[in-house]
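Asker: Protein chains in written order, with the working numbering: chain A, 23 to 191; chain B, 786 to 900.
All C-beta atoms in this analysis are idealised placements derived from N, C-alpha and C, irrespective of residue type, glycine included.
Being a predicted model, the structure only gives us computed values, none of them experimental.
#1: Are any of the Cβ atoms in chain B nearer than 8 Å to that of residue 126 (chain A)?
#2: Between the alpha carbons of residue 820 (chain B) and residue 828 (chain B), how many angstroms are there, rounded?
#3: Evaluate the contact criterion for the stretch 803–818 of chain B versus the stretch 839–847 of chain B: three or more CB pairs, one atom per stretch, below 8 Å.
#4: Is residue 135 (chain A) buried or exposed, if buried means 16 or more other CB atoms sit within 10 Å of its CB?
#5: In three-state DSSP terms, what is residue 139 (chain A)?
#6: Which residues in the same chain have their Cβ closer than 8 Å to the Cβ of residue 857 (chain B), if we skip the five residues on either side of it in sequence?
#7: How far does the beta strand (DSSP E) with residue 120 (chain A) in it extend, from its first residue to its last?
#8: Where in the stretch 807–873 of chain B do unbroken runs of the alpha helix (DSSP H), each at least 4 residues long, occur, reported from the N-terminal end onward?
#9: Going by DSSP, what residue range makes up the alpha helix (DSSP H) through residue 154 (chain A)?
#10: At 9 Å on the CB atoms, spell out the chain B contacts of residue 167 (chain A), in chain order.
#11: Using a beta-carbon distance below 8 Å, is residue 897 (chain B) in contact with chain A?
#12: So what does DSSP say about residue 895 (chain B), is it helix, strand or coil?
#13: For residue 82 (chain A), go through chain B and note every residue whose CB falls closer than 9 Å to its CB, in chain order.
#14: At least one CB of chain B closer than 8 Å to the CB of residue 32 (chain A): is that the case?
#15: Report the residue ranges of all alpha helix (DSSP H) runs contained in full by the stretch 46–106 of chain A; include only those spanning at least 4 residues, in chain order.
#16: So is residue 853 (chain B) buried or exposed if we call it buried at 16+ other beta carbons inside 10 Å?
#17: Should residue 94 (chain A) be labelled buried (16 or more other beta-carbon atoms within 10 Å of its own) or exposed?
#18: Nearest to residue 73 (chain A) by CA position, among A:150, A:149 and A:129, is which residue?
#19: Residues of chain B with a CB under 7 Å from the CB of residue 133 (chain A): which are they?
#20: For a contact meaning CB atoms closer than 7 Å, what does residue 76 (chain A) contact in chain B?
#21: Give a yes or no on whether the C-beta atoms belonging to residue 98 (chain A) and residue 149 (chain A) are separated by under 8 Å.
#22: Distance, Cα to Cα, residue 117 (chain A) vs residue 811 (chain B)?
#23: Quick one: residues in its chain with C-beta nearer than 6 Å to the C-beta of residue 867 (chain B), no 5 flanking neighbours on either side, listed in chain order?
#24: I'd like to know whether the C-beta atoms of residue 105 (chain A) and residue 818 (chain B) end up nearer to each other than 8 Å.
#25: Are the C-beta atoms of residue 113 (chain A) and some chain E residue less than 8 Å apart?
#26: Let me see if you follow: with CB-CB separation under 8 Å, is residue 190 (chain A) close to chain B or not?
#27: Are any of the Cβ atoms in chain B nearer than 8 Å to that of residue 143 (chain A)?
#28: Around the C-beta of residue 132 (chain A), are 16 or more other C-beta atoms found within 10 angstroms, so that it is buried, or is it exposed?
#29: How far does the alpha helix (DSSP H) with residue 42 (chain A) in it extend, from its first residue to its last?
#30: Mind checking if residue 866 (chain B) is an interface residue toward chain A, Cβ cutoff 8 Å exclusive?
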């Protein structure tokens, strides 16, 4: 029920910011009705869970995104240098990185982070590993990518997570 | 804010133009990389530069030019959703290529070998 409440607040905020109507009672009423309809349908479809509305990742995920932004900037420079170099000196590799996240939302965040960082793309998911294509040796840094995964697992929060992570190592 | 040496509008224009130029360079470099890199998987990495540095920096630059906070919020939504959808799209086509059996070129010699 708490999850539905937070989802409702989020939808209402998005409706207000996208429409820009703050003082037209009729339109605000329609907004409330549309938020309520969306909530009803989402509950009926059974998607308001840890995967469909992963609010458990907040607020820790915000710090993670800021850190990831810095990593993306660094990787962008490295890939841009290769795109413009006279001899790009590529050395593509396929590597497998362990996936220690507890939740599906956390795993999706990890795989997305790998793809979002230029120089590495997640190609395939195995039960507890991700197959990553790396542009060159310097991007095929398994320890570095596993460190990203550890930060995602940290953002997922404590609890059962710690046990899973230790078991996987 | 209206006149004087440190004109806020001027600072905003300078910052947003710098971001526009760097972001456009990111888009262009990504395009150059797509042409120059040797195979499908390596080209995805070049497209990643356009997706991240290019798109997000240009959106940041547009936020600095926005006439009011509502427009800033809408641009922030666009940036936020791009942040999630572009890697999903990249993964979808990479995974489709992998599943359909396209082998990447590997190693410094760029040989096409089975894994």
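Answerer: So, to answer that:
#1: no
#2: 8 Å
#3: yes
#4: buried
#5: coil
#6: 848 and 851
#7: 115–120
#8: 825–834 and 840–850
#9: That residue, residue 154 (chain A), is in no alpha helix (DSSP H); its beta strand (DSSP E) goes 151–156.
#10: Simply none; closest approach about 14 Å.
#11: no
#12: coil
#13: Ordered by position in chain B, no residue passes the 9 Å Cβ test against residue 82 (chain A), which lies about 17 Å from the chain.
#14: no
#15: 47–67 and 82–106
#16: exposed
#17: buried
#18: A:129
#19: 876
#20: Result: empty, since nearest Cβ-Cβ is about 12 Å, beyond 7 Å.
#21: no
#22: 27 Å
#23: 840
#24: yes
#25: You won't find chain E in this structure, because its protein chains are A and B.
#26: The predicted model places residue 190 (chain A) with a pLDDT of 39, which falls under 50 and marks its position as unreliable; any figure quoted below should be read in that light. No, no contact with chain B.
#27: yes
#28: buried
#29: No alpha helix (DSSP H) holds residue 42 (chain A); DSSP gives it neither H nor E.
#30: no
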